[in-house]
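**Student:**
In the numbering used here, the protein residues as written are 5 to 155.
#1: In whole angstroms, what is the alpha-carbon distance linking residue 103 and residue 74?
#2: Which same chain residues end up closer than 7 Å to residue 150 when comparing Cβ atoms and leaving out the 5 residues on each side of it in sequence?
#3: For residue 138, which option in 132, 146 and 131 has the closest C-alpha, if you only look at C-alpha atoms?
#4: Grab me the residues of residue 133's own chain with a C-beta within less than 7 Å of its C-beta, minus the 5 sequence neighbours each way, in chain order.
#5: Which of the three DSSP states, helix, strand or coil, is assigned to residue 70?
Written as structure tokens, this is what we have:
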């Protein structure tokens, strides 16, 4: 045969090399496990996630909960604003009605304060109109005005 050495690797690992080289004076080298091919794309491996990488499901759930909470709070806020708008509208209509009543009362008071109405009311009660007024002039000490006639 020849002087060539066999350089092919076997799939059994490095443990087979000890028999060839002889382990007379050397310590035994640690054996490493043989790597196999990665699983196909359609299958899932049972390996945990890489260190330092958080799972995505809790983050997605957190975002969905925040969005749902924001939606509910917006709906509540909108209903409160609608209720307040209804209250404002009813108060404005009540204010308008009270303004009309106030105007009617002011007109009634103005009518009751007229001198003609007061004179008519006095005559119905049996009162008579008084004489013309007399005035006293303090500088001269004289009385002025029509004293009326004594009939």
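Ideal Cβ positions, reconstructed from N, Cα and C, are used throughout, including at glycine.
**Tutor:** Straight from the coordinates:
#1: 43 Å
#2: 136
#3: 146
#4: none
#5: helix
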